[in-house]
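Student:
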Amino acid sequence: MHEVVSLSCSHASGHLLTHLYNVQETHIPYAKNAKLSHSNSVFLWPVKAGARCNYYPRSLNIELAGGYGYLGKYEFKDPKVDLAAFGSEVEVRKQDRVEKNDFQRLLDAGARPDGALLNTANTSYWTDYNKLVYRPASLLQSENYVHPMGNHKHFQKLLFKEYNVGEEEFALLFDAVDDSFRKNLEASDMIQGINFVSEVDNAWGGFTNEMMVQLKDEYFNNGANSKHNLWCYGLLAQKPNMLTRIKSIVEFSKNSSLFMPLSLPHQQTSLLSPEFDISSSWHRAAVYASFVNSIWGLNCQLESPVRMAEIEANLLRGFDRRNIVNEIRIEETEKQESPDQFGQKQESPDHFGLVADANIMDMYLGQAQNANEKQKYINLGISGEAKAIGKKATVAKLQDPESESNHYVNPYIDEIVDVDTTPPIFSKSFSTTFGQNVSLKDTLKEYRKVIQRVRLPQHLQVIGDKAELVEDLSQLIDEYTLDYEDESDYE
1 MHEVVSLSCS HASGHLLTHL YNVQETHIPY AKNAKLSHSN SVFLWPVKAG ARCNYYPRSL
61 NIELAGGYGY LGKYEFKDPK VDLAAFGSEV EVRKQDRVEK NDFQRLLDAG ARPDGALLNT
121 ANTSYWTDYN KLVYRPASLL QSENYVHPMG NHKHFQKLLF KEYNVGEEEF ALLFDAVDDS
181 FRKNLEASDM IQGINFVSEV DNAWGGFTNE MMVQLKDEYF NNGANSKHNL WCYGLLAQKP
241 NMLTRIKSIV EFSKNSSLFM PLSLPHQQTS LLSPEFDISS SWHRAAVYAS FVNSIWGLNC
301 QLESPVRMAE IEANLLRGFD RRNIVNEIRI EETEKQESPD QFGQKQESPD HFGLVADANI
361 MDMYLGQAQN ANEKQKYINL GISGEAKAIG KKATVAKLQD PESESNHYVN PYIDEIVDVD
421 TTPPIFSKSF STTFGQNVSL KDTLKEYRKV IQRVRLPQHL QVIGDKAELV EDLSQLIDEY
481 TLDYEDESDY E
């Protein structure tokens with residue numbers, strides 16, 4: 001069935017996966033004569049229940065204590081306890097807990113709630129707008145650190161902030177993670193890949209990398225299982241925690257087969273409506289999800305599906321160490337010119353097929369531009385535009401025979417916009433483009449300088465072996481250097 005299992009490590013990752021699984025929920029046929037456009041068993045786990053079929057996400061979610069909001073581990077598994085059965089002498093002690101919003105109450109009642117009930121004030125938890133039921137084994141949490149500040153339960157000054165803290169915390173959850181992951185694998189016939197989704201600038205980086213190392217060693221390092229598509233999506237914070245960021249990026253690159261760091265800086269773009277709120281986790285995750293869903297759609301569409309292996313092979317072309325996708329863009333779709341009765345594109349009637357008259361002043365002053373003009377794309381990559389390394393990948397609604405990239409057709413690429421739990425922040429149709437370019441080299445050089453200057457013991461504790469990290473960065477720089485360049489900046 002070419003299944004894909006996704007692992008969410010952190011609250012921001014939970015928001016991203018919730019948007020993606022809510023799209024998958026729209027593919028589920030609720031009527032016998034419903035026409036299918038996607039394979040529901042790729043990202044969802046179908047379980048027969050009599051004449052019905054229940055669908056659960058093929059996922060493993062890990063949160064800090066309290067990160068699930070109203071959702072309890074056995075919320076939809078066990079019946080509510082009838083306290084009256086214990087008599088009148090029962091003393092009930094209640095703790096404050098997050099209440100369900102109106103959207104979730106209507107879902108529980110079997111109604112179809114209106115997405116207009118959701119707003120930035122009542123979607124601080126991803127469970128506030130999640131539409132699928134999770135199996136209890138898929139919901140794990142750290143018992144030592146508390147959401148949202150990440151402070152330790154018993155040591156308030158100890159925060160879930162640095163890379164090494166996450167490594168230590170994973171050791172305590174390894175058995176539970178291993179058990180849940182194994183159950184997901186056992187429910188798969190022919191797995192095509194794993195998605196790891198994690199934050200990069202805090203302890204989740206160390207937690208997720210240690211999980212990748214352990215699971216890869218346990219399940220994907222022998223015989224026929226030695227080559228699998230282990231993709232990692234890394235969510236970058238607005239304000240970088242530099243040492244942890246550098247360590248996470250290098251280790252994610254080493255232990256995944258494809259690493260896509262995602263950032264969302266402030267930018268003026270025609271793709272997003274004025275309602276977009278960058279401070280909202282719900283809004284930010286929807287932008288990330290619009291990119292990731294363009295790939296998920298390829299993986300599970302019934303007609304001409306594209307597997308993770310094909311996308312990865314076309315991007316890397318055998319250069320497995322050059323696996324950081326540093327250029328990622330969501331681009332506004334240009335309007336197609338309608339052909340005339342002879343099948344030819346119509347010319348503008350104002351110019352009768354001729355080029356418009358030029359403004360003589362533009363020759364001296366340059367082309368006039370609107371100071372408030374917005375760019376027609378969203379840049380999600382870790383670095384800017386530069387000379388491409390190999391062919392980029394483009395996912396669009398229509399085929400483009402003139403495209404110079406690896407062009408994939410996803411007719412449903414913007415379906416996420418129509419999902420009722422997606423915030424109304426998109427104002428245009430879009431396509432996505434991603435690949436590698438040489439600009440990452442300059443970013444990595446700056447990272448290397450930062451690591452070379454590390455001296456304090458507490459900082460060395462975060463990055464581990466300093467010499468090894470510098471060497472890893474140097475090797476990555478070489479991978480993203482196409483021509484001979486002076487390395488005199490190496491200190």
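Anchor point for the sequence shown: position 157 equals 157 in the UniProt record's numbering, and the numbering is continuous, going up by one each time. Ideal placement from N, C-alpha and C gives every residue a C-beta, glycine not left out. These figures come from a predicted structure and were not determined experimentally.
(1) Indicate the three-state DSSP secondary structure (helix, strand or coil) for Ala-12 in the structure shown.
(2) With burial defined as no fewer than 16 other Cβ atoms inside 10 Å of the residue's Cβ, what is the status of Gly-384: buried or exposed?
(3) For Lys-157, does the count of other Cβ atoms within 10 angstroms reach 16, so buried, or fall short, so exposed?
(4) Beta-carbon separation of Ile-382 and Asn-326 under 8 Å?
(5) Starting from Ala-313 and walking both ways along the alpha helix (DSSP H), at which residues does that stretch end?
(6) Between which two residues does the beta strand (DSSP E) holding Lys-428 run?
(7) Cβ of His-38 within 8 Å of Cβ of Leu-302?
(8) Please check the pair Trp-45 and Tyr-30, which I expect to be a contact at CB under 8 Å, by giving their CB distance rounded to whole angstroms.
(9) Mind checking Ile-191: buried by the 16 CB within 10 Å criterion, or exposed?
(10) Inspect the CB distances between the stretch 194-207 and the stretch 229-244 and report whether three or more fall short of 8 Å.
(11) What residues match up with Ala-388 in a beta bridge as DSSP calls it?
(12) How long is the line joining the alpha carbons of Ile-278 and Asn-61, rounded to whole angstroms?
(13) Suppose you measure from the CA of Ala-109 to the CA of Thr-120; what does that come to, to the nearest Å?
(14) By Cβ distance, which residues of its chain are closer than 8 Å to Glu-218, with the 5 residues on each side in sequence left out?
(15) Please state if the CB of Leu-236 and the CB of Val-200 are separated by a distance shorter than 8 Å.
(16) Provide the residue span of the alpha helix (DSSP H) that contains Phe-170, from first to last.
(17) Compare the beta carbon distance of Leu-16 and Tyr-145 with 8 Å and say whether it is the shorter of the two.
(18) Pair every Cβ in the stretch 316-333 with every Cβ in the stretch 451-463, then say whether three or more of these pairs are closer than 8 Å.
(19) Tell me whether His-407 is buried or exposed, calling it buried when 16 or more other Cβ atoms sit within 10 Å of its Cβ.
(20) Assuming the contact rule is C-beta atoms closer than 8 Å, Lys-73 and Pro-136 should be a hit. Round their C-beta distance to whole Å, please.
(21) Is it buried or exposed, Phe-155, if we count other Cβ atoms within 10 angstroms and call 16 or more buried?
(22) Note down, one range per segment and in chain order, each beta strand (DSSP E) of at least 3 residues found wholly within the stretch 208-268.
(23) Quick check: Gly-69 and Asp-128, are their CB atoms within less than 8 Å of each other?
(24) Taking all protein chains shown into account, do 16 or more other C-beta atoms lie within 10 angstroms of the C-beta of Glu-347, making it buried, or fewer, making it exposed?
(25) Taking the alpha helix (DSSP H) that His-459 falls in, what are its first and last residues?
(26) According to DSSP, is Val-98 helix, strand or coil?
(27) Relative to the C-alpha of Trp-296, which candidate in Gly-14, His-19, Cys-9 has its C-alpha closest?
(28) Is Pro-136 helix, strand or coil when you go by DSSP?
(29) According to DSSP, is Tyr-480 part of a helix, a strand, or is it coil?
(30) Looking only at its chain, what residues have a beta carbon closer than 7 Å to the beta carbon of Lys-466, apart from the 5 residues adjacent to it on each side?
(31) For Leu-44, which of helix, strand or coil comes out of DSSP?
(32) Please go through the same chain and pick out, in chain order, the residues whose beta-carbon is closer than 6 Å to the beta-carbon of Tyr-364, but skip the five residues on each side of it.
(33) Note down the Cα distance separating Leu-398 from Gln-24, rounded to an integer number of angstroms.
(34) By the 10 Å Cβ neighbour count, where 16 or more other Cβ atoms means buried, how is Val-47 classified, buried or exposed?
(35) Among all the DSSP beta bridges, which residues are the ones paired with Gln-399?
(36) Out of curiosity, what's the CA-to-CA distance linking His-152 and Gly-166?
Tutor: Answer, in terms of the structure:
(1) helix
(2) exposed
(3) exposed
(4) yes
(5) 308-316
(6) Taken as a continuous stretch (DSSP letters only), Lys-428 belongs to no beta strand (DSSP E), as it is neither H nor E.
(7) yes
(8) Actually they are not in contact, since the Cβ atoms of Trp-45 and Tyr-30 sit about 18 Å apart, beyond 8 Å.
(9) buried
(10) yes
(11) Asn-437
(12) 24 Å
(13) 23 Å
(14) Asp-178
(15) yes
(16) 163-186
(17) no
(18) no
(19) buried
(20) 5 Å
(21) exposed
(22) 229-235, 258-262
(23) yes
(24) Residue confidence is low: Glu-347 scores 47 on pLDDT, short of 50, so the model does not pin down where it sits. No coordinate-derived value is stated.
(25) 457-463
(26) coil
(27) His-19
(28) helix
(29) coil
(30) Ile-451, Val-454, Leu-460
(31) strand
(32) For Tyr-364, the pLDDT reaches just 48, beneath the cut-off of 50, and the residue's location in the model is therefore unreliable, leaving the point undetermined.
(33) 21 Å
(34) exposed
(35) For Gln-399, which the question treats as bridged, DSSP gives no partner whatsoever.
(36) 12 Å
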